[in-house]
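Be aware that the sequence shown starts at 1, since it is given in UniProt numbering, and climbs by one per residue.
I have placed the structure first, in the form of structure tokens, so that the comments after it can refer back to it.
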Amino acid sequence: MFTGIVEELGEIVAIEHHGDSAVLAVRGPLVTKDAVHGASIAVSGVCLTVVDVKGEVFTADAVKETLDRSSLGGLGPGAKVNLERPLRLSDRLGGHLVQGHVDGVGEIVSREPGERWDVVTVSLPPGLSRYLVGKGSITVDGVSLTVVEAGGDRFSVALIPTTLSLTTLGHKKPGDPVNLEVDVVAKYVERMIGDRP
């Protein structure tokens, strides 16, 4: 479980494709500090399991489901990624409950620069709009954000200076893909209500 509060901007060092899976090597000095084999690290919103750690670089496997549902398979060496270690039970929950289970890939539709922030509009894959409400939570590339406006096929968020400078969202432009995870609480509520007699 994560919070969507990015700890550092990492970098893809290498990605080896093996048929319908891949091995990613990711540089992240902060998140590798206490990483061990079997630990979880969110990479741009995707929960990956650490296979090995060498210095500031960790490797992780990405299976077909991960590659199909996220933008990780399209990344190459030098690509920047948002990194976050999992939440400890004693930590503050600064963002919202994030599983690292990507629901789909959206696309940056537009950016409207403000004096100190940007309003960014993102497209929604079919079927996800029912989980979004204005002032609700969404995770975009692993970043916990508050929805400004929720529409049928898109939503908007306001990015503060910290988000712009410390995450990949400060560099994304229209047409760029982003990993989306809707609020897990909304999915559970839908399931419980849908199963009522």
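Where is the CB? At the ideal position from N, CA and C, for every residue including glycine.
Straight-line Cα distance separating residue j from residue i
i      : j      : result
Pro177 : Val122 : 9 Å
Leu124 : Arg130 : 10 Å
Gly94  : Gly134 : 19 Å
Ala25  : Lys173 : 25 Å
Glu11  : Leu72  : 12 Å
Gly41  : Val185 : Correcting the residue identity first, residue 41 is Ile in this sequence and not Gly. The alpha-carbon atoms of Ile41 and Val185 are separated by roughly 22 Å.
Glu107 : Pro126 : 13 Å
Gly152 : Val50  : 37 Å
Gly76  : Val23  : 12 Å
Glu56  : Val31  : 8 Å
Val13  : Leu89  : 31 Å
CB contact flag (residue i, residue j, <9 Å)
i      : j      : result
Thr139 : Val105 : no
Asp103 : Val46  : no
Leu132 : Ala158 : no
Arg111 : Pro161 : no
Gly100 : Met1   : yes
Ser137 : Val147 : yes
Ala35  : Phe58  : yes
Ser156 : Val119 : yes
Val81  : Leu9   : yes
Arg85  : Glu7   : yes
Val53  : His37  : yes
Residue i - DSSP class collapsed to helix/strand/coil
i      : result
Arg85  : coil
Ser70  : coil
Lys80  : strand
Ser165 : helix
Ser44  : coil
Ser123 : strand
Lys54  : strand
Anticipated Cβ contact below 8 Å, residue i with residue j, distance rounded
i      : j     : result
Asn179 : Ser44 : 6 Å
Leu87  : Thr3  : 5 Å
Span of the beta strand (DSSP E), counted from its first residue to its last, around residue i
i      : result
Leu180 : Pro177 to Val182
Thr156 : The sequence given here has Ser at residue 156, not Thr. Start and end: Arg154 to Leu159.
Gly10  : Glu8 to His18
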